[in-house]
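Residue numbers (the UniProt record's numbering): 1 to 267. Each residue gets a CB set at the ideal place from its N, CA and C atoms; glycine is no exception. Note that the structure is predicted; figures quoted are calculated from it, not measured.
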């Protein structure tokens with residue numbers, strides 16, 4: 001079937017408008033209460049001096065059903081300087097070793113009590129095989145198999161989630177699950193997983209698993225092309241061009257707030 005020049009024009013225009021609506025235009029611009037609560041804690045990509053994506057990343061159809069919790073399984077961080085270093089290193093692993101176009105997660109929570117911006121709300125992540133197109137990912141920096149993240153770190157989860165619901169990127173009846181609920185992996189670690197199971201948005205029956213673990217080995221470990229459970233290289237990186245003092249000056253010191261981390265109520 002051949003199209004006329006006018007038909008081709010309208011098809012291109014329709015695709016352009018659809019892409020703009022899905023990838024650039026906020027779903028809701030009327031309210032900013034929840035996002036304003038997140039703002040003092042947010043370290044955007046410019047602040048942590050991220051590398052640009054190596055290609056075009058697919059648009060994410062909003063709103064999504066799931067918030068999927070991960071841990072990076074690498075060393076944690078307690079200062080902004082170290083957390084920036086960890087985030088940059090993770091992006092390097094994802095791009096150079098895993099050959100992804102960018103860091104896989106949408107948000108990372110550091111032990112310094114800040115949220116590091118990964119992929120935009122409007123872009124498909126690379127974090128949970130088979131479920132990247134219907135979820136937003138939040139990763140805790142560190143390994144939480146035997147220890148839990150701090151209360152301060154956990155309290156940032158509802159700030160992220162309710163900013164997403166406020167803007168229309170996350171459904172209001174969202175569910176929070178662990179990476180292991182959607183793929184055969186040990187992520188987000190036993191201790192963190194036990195914690196998120198206490199949250200009301202965690203479903204009584206996880207509805208989306210699509211994997212088969214090896215029953216003969218009785219393990220949740222399996223090759224997972226979308227996970228970040230990698231062996232950490234010797235930490236020989238320098239801070240390169242990261243002027244940490246300048247970055248810290250750009251960041252607003254968060255004001256202590258009430259912690260509602262177990263019940264995930266709106267701010």
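Taken in chain order, the complete beta strand (DSSP E) segments of 3 residues or longer contained in the UniProt domain "N-acetylmuramoyl-L-alanine amidase" (54 to 189) are 64 to 71, 107 to 109, 115 to 117, 135 to 140 and 170 to 178.
Put simply, of 121, 181, 109 and 125 the residue whose alpha carbon is nearest the alpha carbon of residue 72 is 109.
Comparing alpha-carbon positions, the option among 116, 111 and 78 lying closest to residue 91 turns out to be 116.
Taking the CA atoms as reference points, residue 200 sits about 14 Å from residue 155.
If you check the CB distance, residue 125 and residue 132 come in under 7 Å. Counting only the Cα atoms, residue 74 lies some 6 Å from residue 143.
In the assembly as shown, residue 104 is a buried residue. Its beta-carbon has 16 or more other beta-carbons within 10 Å. With a cutoff of 7 Å on beta-carbon distance, residue 136 and residue 33 are scored as not near each other. Taking a 10 Å sphere around the C-beta of residue 166, we find 16 or more other C-beta atoms and assign the residue as buried.
Beyond the five residues adjoining it in sequence on each side, residue 55 comes within less than 8 Å, by CB distance, of 101 in the same chain, given in chain order. Judged by beta-carbon spacing, residue 118 lies beyond the 7 Å limit of residue 127, meaning their Cβ atoms are not closer than that value.
The C-alpha of residue 47 is placed about 31 Å away from the C-alpha of residue 180. For residue 203, the closest of 189, 175 and 193 by C-alpha to C-alpha distance is 175.
Between residue 67 and residue 141, the beta carbon gap of about 17 Å keeps them out of contact (Cβ cut-off 8 Å). Of the candidates 178, 122, 157 and 161, the residue whose Cα lies closest to the Cα of residue 145 is 178. Looking at 185, 62, 114 and 191, the one whose alpha-carbon comes closest to that of residue 81 is 114. Cβ contact annotation for residue 112 (same chain, cutoff 7 Å, sequence separation greater than five): 77, 78, 79, 80 and 83, in chain order. A buried status is given to residue 193, since no fewer than 16 other beta-carbon atoms sit within 10 Å of its beta-carbon.
The secondary-structure analysis by DSSP pairs residue 42 across a beta bridge with 115.
Between residue 163 and residue 35, the beta carbon gap of about 4 Å places them in contact (Cβ cut-off 8 Å). Residue 204 sits in coil when the DSSP states are folded into three classes, being neither helix nor strand. For the options 87, 69 and 129, the alpha carbon positioned closest to that of residue 161 is the one of 69.
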